[in-house]
Amino acid sequence: MITYSRVLGNIRSLPNGEDSRIQYNPGFLDLYLMLVGPYAKLPSNSKVKRKSMNPDLAGGMADGAVSFLLQKLEAFASTEWNLQENIRNGVRELQRELWRIEAMMRDADAKKDYDNQFNVWIQEVRTEAYAIEDVLDLFRLHWDQESVWRHLKMWHSISNLIQDINTRLAIIKQTKERYQIIKEINERYPMMVPTNSVSSETNTYHNVRAAPLILGWGNNTMGIDEPKRKLVSWASKSNQKLKVMFLVGMAGLGKTTLAYRVYEEVKEHFDCHAWIIASKYQTIDETLRSLLEELGSSTEGSGIVLLMQRLHNFLQHKRYVIVVDNLLVKDVWESIRLALPDGNDNRIIITTRRGDIANSCRDDSIDIHKVQPLSLQWAEQLFYKKAFLGDGSCPSGLEEVSKSILQKCDGLPLGIIEIGRVLRSKPRQTKYEWKKLHDSLESELRSGGALSDIMRVFSASYKDLPYHLKYCFLYMSIFPENNPVKRRRLIRLWIAEGFVTEERGKTLEEVGEEYLNELIGRSLIKANEMDFDGRPITVGVHSLMHRIILSVSQEENFCTVCAGPEGNLTDKPRRLSIQTGNFDVSQDLTCVRTFFSFSTGRINIGSNFKLLKVLDIQSTPLGNFPSAITDLVLLSAPFDIVQGFKAPKGIDALKNLQKLSFVKASGQHRMIQGLDNLTQLRKLGIVELAEEHGASLCLSIEKMPNLHSLNVTSLNKEELLELDAMTNPPPLLQRLYLRGPLERFPRWVSSLHDLERIRLKWSSLTENPIGALQNLPNLTELQLLDAYTGTQLDFNSGKFQNLKILDLEQLKQLRFIIMEDGTLPCLQKLIIRQCNELEHVPVGIDGLHHLNELHLCDMPEKLVAQLKKNGGQFRHLVHHIPYIHSYNQGQLEDLS
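Numbering (the UniProt record's numbering), first residue to last: 1 to 896.
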């Protein structure tokens, strides 16, 4: 039987009998040597290291790995691999064992029933899950590559391997069952053994979950005085109706503290009052009973309906204020809400990190207050008060390191208070001691020591996630701290990793968008810069939250981050993120699935990334496309390069590729033809396309049904883009960028009903393209840059129903823009740049009622003068536009 920590590993030769724990099935060795060839080595005699797991991270950590693996097993078993019956049955048995193990984990997680033994068991489960994933990916890797895979010996080997893993899983499951029996005996006879269960600590913590902030803030209200004043006014205002206030924000922002301050000030003005912590209770029944007890009512009887009726009757003629703290389940609030009588100026305050719940409950009686981080001024005052005795001023020499620590806290009161408290307890208040804590924040958080309250609060948010979101959230650990991540890029990476599950009637991109929205709604990921359609352009996580997920990521062997010159790798990393310096890839990296580099140092891509699926090195300089990449047949997401690259021979072998950008087409007709093998592409960028290769490119693109983004640039500004040959364009195409002369506008574009953005550059069309675009139902952004040589653009009534941004640049002959009544009803931003013959305000601009921005860049002075505030002839046509800016050679003139 095989007992190994991973199928792939840093395996070295071992003398016979040196370690009796390790036994190898000959069939497995045959299979393993055949798969990895020269990379295969025999295992070392080093003992398996057991990492100590922070108990606050224990619950729900491995279920992500197991659930993700179950999806892969289902896909593997249902795919037409022509599997032998015994192998298919073995895979099904793997699924059954994993379902049982997953049920055990989720049951323990629901009961908060985990201790050190459970943590060891979790690590064993994860190890086996990764081993199974390795086998599946190795099978995929070599299925189409070697005829030996058709041999009976191969089938025998893989069958034995699956049987061995099944045996290991059965032992792991039995270990948990035996452990559970012992645990039940210990609980029945507690005097026999000491108690060290984490669950008791967790329950205690839930009872005082807000204590670190409420007590740490003290009696003052620094930083929350203004929101407190507004909420007290809201609670005291008379309007005879029940009013509800949701306080929404990420963990540690002080929602509970704010609610507590308001509650303490106003509760005496009500007939009755109650405070309950919703997250303490497992059922709605328990929650209702707790609320009745807090109000002083009888809790006799059973059943939710009876308790709701009792609550309603008790409050019927009373004026009440109730705080529901840490609401995480919508059904809990809905059950309480149905039982509450209206009228009497009653008030409910709800704290939650689930902004999605608050938004879904919204009606006329509900207000939402988003709790914000402290400003730098208030953060400094609170930090200095906690860190220093006396008057709370910062001693000389500690100003710089204090600012660095405050930057890490990013206005989060919990972090400010807890880190300040720890620093105050240091025997020596020196710059060295403070910098040591600053540099070791991640390890301090992970160790569960002095900063354990921060870890508990944040880890609760992670553990509450459904399994399909845990890996998506952990993905943020790959990116450097305070590094904005583009929304579309993140979703594409999730898809390439296999984290996004197919749902009937939805594209994977749409499902991924829902995943991201839920993580934002749970206050785990924050939206940064917003797009015109209300969706975030970039996203990120709070600095302290980033430290937490780095810890979780390390615990789960999800990603290894090399952020310094030493950059020690964990044993058999599955994902690598190189954030500084050079990196040597000559070491064994056969287990790596994902490789990111944010370094500006040299990165040499070798051929030892056998199972690599995602490669992202956008920030790293490369001279040429590494030829070794064409051997990575599982690769789904390679990188963008700022400059175009010449694709090496064999690029068409990467059949799982989902993203390929900036590929030079000049002199590579065979490569253009070979693109038709890349049927999984979602983003394609081609540069230097010759006219004679356009038809071949069109034929290849027609075989890419999942393509969402297409970017094509001609060989030069004179070379025609010949793209008329396409008759069946990708139906899901959302973004289209064409750079180069067009003899005629491609007819197929008008059939792209999902198209959201189109940019035409250097097209020099004599035919007005507006007619072909005006009926596209989802078009939100249109850019015409040197794209039209006519003198007039007509926007017909009722057309461009969803266009929000219109950008007209370098239309050298354009003299008139006509906007009929009812056209462009959603237009928000209009940019007109370097249209030197346009001397008149667009006709009908006064009918664009949602236009918020008008930008005129290097436009004739005659046109600009017409819009000036004092005496502009047509000023009255644009008075409804909030922002009107004119730029002349970079100089801004505000005409708003």
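Cβ atoms here follow ideal geometry from the backbone N, Cα and C, with glycine treated the same way.
Nearest-angstrom Cα distance between residue i and residue j?
| i | j | result |
| --- | --- | --- |
| S236 | I348 | 12 Å |
| Q643 | L733 | The predicted model places Q643 with a pLDDT of 49, which falls under 50 and marks its position as unreliable; any figure quoted below should be read in that light. One C-alpha to the other measures close to 24 Å. |
| W748 | L760 | 15 Å |
| K385 | L406 | 13 Å |
| V244 | M222 | 25 Å |
| Q680 | L141 | 16 Å |
| R757 | N239 | 47 Å |
| W99 | A527 | 35 Å |
| L811 | S763 | 11 Å |
| N716 | G694 | 14 Å |
| L773 | V371 | 43 Å |
| H312 | V329 | 21 Å |
| R682 | R574 | 24 Å |
| R229 | L382 | 19 Å |
| Y883 | G771 | 29 Å |
| N711 | L752 | 15 Å |
| A665 | L782 | 26 Å |
| F595 | I549 | 18 Å |
| F458 | S597 | 27 Å |
| A40 | I525 | Any reading at A40 must be qualified, since the residue scores a pLDDT of 31, below 50, and its modelled position is unreliable; the value itself is stated next. Roughly 41 Å separates the two Cα atoms. |
For residue i, which residues in the same chain have their Cβ closer than 6 Å to its Cβ, ignoring the five residues on either side in sequence?
| i | result |
| --- | --- |
| G411 | P373, L374 and A379 |
| S700 | L675 and D676 |
| R150 | Bear in mind that a pLDDT of 49 at R150, under 50, signals an unreliable position, so the model cannot answer this. |
| D325 | T256, I277 and T351 |
| K829 | I805 and E853 |
| C272 | L295, K318 and Y320 |
| G650 | T630 |
| S896 | Y883 and I884 |
Residue j and residue i - do their beta-carbons sit closer together than 8 Å?
| i | j | result |
| --- | --- | --- |
| L838 | I881 | no |
| L508 | I520 | no |
| I832 | L808 | yes |
| F745 | E767 | yes |
| I350 | F246 | yes |
| L469 | S551 | no |
| R815 | Q792 | yes |
| G254 | I277 | no |
| L69 | E124 | no |
| R310 | S297 | yes |
Ordered along the chain, which non-local residues of its own chain (more than five positions away) have a Cβ less than 8 Å from that of residue i?
| i | result |
| --- | --- |
| V485 | M476, F479, T538, V539 and G540 |
| V841 | L863, Q866, L867, F874, L877 and V878 |
| E502 | L508 and V511 |
| N359 | I368 and G521 |
| G303 | D285 |
| Q316 | P341 |
In terms of residues, what are the limits of the beta strand (DSSP E) holding residue i?
| i | result |
| --- | --- |
| F314 | F314 -> not in any beta strand (DSSP E); alpha helix (DSSP H) instead, spanning I304 to L315. |
| T501 | First-last for T501: undefined, no H or E at that position. |
| Q407 | From DSSP, Q407 is part of no beta strand (DSSP E) but of the alpha helix (DSSP H) over E399 to C409. |
| K370 | I366 to K370 |
Kindly indicate if chain B contains any beta-carbon less than 8 Å away from that of residue i.
| i | result |
| --- | --- |
| F139 | No chain B appears in this structure, which consists of one protein chain only. |
Whose CA, out of the options, lies closest to the CA of residue i?
| i | options | result |
| --- | --- | --- |
| N888 | N836, Q554, V305 and V843 | N836 |
| E529 | R487, Q618, I419 and F388 | R487 |
| G740 | A772, T727 and I686 | I686 |
| D724 | L697, F598 and N706 | L697 |
| K610 | A103, D631 and Q828 | D631 |
| S404 | G847, H468, I548 and W434 | W434 |
| W121 | N852, L136 and E102 | E102 |
| L414 | N656, R88 and L258 | L258 |
| V843 | C857, G249, T823 and N656 | T823 |
| L634 | T600, G498, R92 and E556 | G498 |
Ordered along the chain, which non-local residues of its own chain (more than five positions away) have a Cβ less than 7 Å from that of residue i?
| i | result |
| --- | --- |
| V232 | V262, E265 and V266 |
| G872 | A865 and Q866 |
| E861 | none |
| V7 | In this prediction, V7 has a pLDDT of 32, which is less than 50 and means its spatial position is unreliable; what the coordinates show is noted afterwards. Closer than 7 Å at Cβ, skipping near neighbours: A131, D134 and V135. |
Would you kindly report the start and end of the unbroken alpha helix (DSSP H) that includes residue i?
| i | result |
| --- | --- |
| I770 | I770 to L773 |
| F246 | Counting along the chain, F246 falls outside any alpha helix (DSSP H), though it belongs to the beta strand (DSSP E) covering K243 to V248. |
| G415 | P413 to R424 |
| E893 | Element bounds for E893: not the alpha helix (DSSP H) but the beta strand (DSSP E), Q891 to D894. |
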